[in-house]
Each structure stands twice: as structure tokens, then as C-alpha cells.
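These notes concern the structure reproduced below.
This is the structure:
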């Protein structure tokens, strides 16, 4: 299967999924990524560890940092916890 056919099939699959589960169920880009994984023989549906910011925020550590200084921005604990300030914001809201 050439790249164009795989892309077309992925886009059709994304449209079919969205027709059943709603228009925001899956983006075409995500469907293309999954098709590429399947083409490479990776059928594991579990997330694999990735580099970068942790997915979860250590709530206890965040509370300790905020208790020390309740007037700091989200950037400060994010830097200390090695995650994004967006992750801190999401956790606080």
C-alpha cells in the first residue's frame, strides 16, 4: 500500500469514527499516526513512556510548593517540578 492509499484510508476511517461517535471523536492527523504505527507492525494500543513533561502532577509536591509561596506564578512550581506551567494551571482548575 502506498502512502497516498494509507492516508486516504486513515482519513476515511477518521470520518467513519466521527460519524458514529461525534465530529470531535478523532482528528484526521491522529488517524494517520495510528495507520503509520499499524503499518510499522505496532498494534499495541497502550501509551508508551515519552520524554518531556510528566503527564501527571505530583499533587503533594505542588501543594508544598504553593504553601511556601502562595503568590508565585504557575511558571515557578512548573520549573521546580520539571513540567509545563499549563500542566500546573490545569491541575489547579
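In the numbering used here, the protein residues as written are 1338 to 1430.
Every residue, glycine too, gets a C-beta built ideally from N, C-alpha and C.
Contact under 8 Å by Cβ, residue i with residue j
i            : j            : result
residue 1365 : residue 1354 : no
residue 1417 : residue 1402 : yes
Spatial neighbours of residue i in its chain, beta-carbon cut-off 7 Å, leaving aside the 5 residues before and after
i            : result
residue 1338 : With a pLDDT of 49 at residue 1338, under the threshold of 50, the modelled position of that residue is not reliable, and no figure is offered here.
When the options are compared against residue i, the one with the closest alpha-carbon
i            : options                : result
residue 1412 : 1422, 1385, 1369, 1383 : 1422
residue 1344 : 1358, 1369, 1362, 1415 : 1369
residue 1424 : 1385, 1367, 1394       : 1394
residue 1398 : 1407, 1350, 1414       : 1414
residue 1400 : 1356, 1429, 1377       : 1429
Expected contact under 8 Å - CB spacing of residue i and residue j to nearest Å
i            : j            : result
residue 1405 : residue 1372 : Actually they do not touch by this definition, with Cβ atoms about 48 Å apart.
Residues near residue i by beta carbon distance below 6 Å, same chain, minus five either side
i            : result
residue 1351 : 1363, 1365, 1368
Proximal residues to residue i (C-beta, below 8 Å), its chain only, five neighbours per side dropped
i            : result
residue 1375 : none
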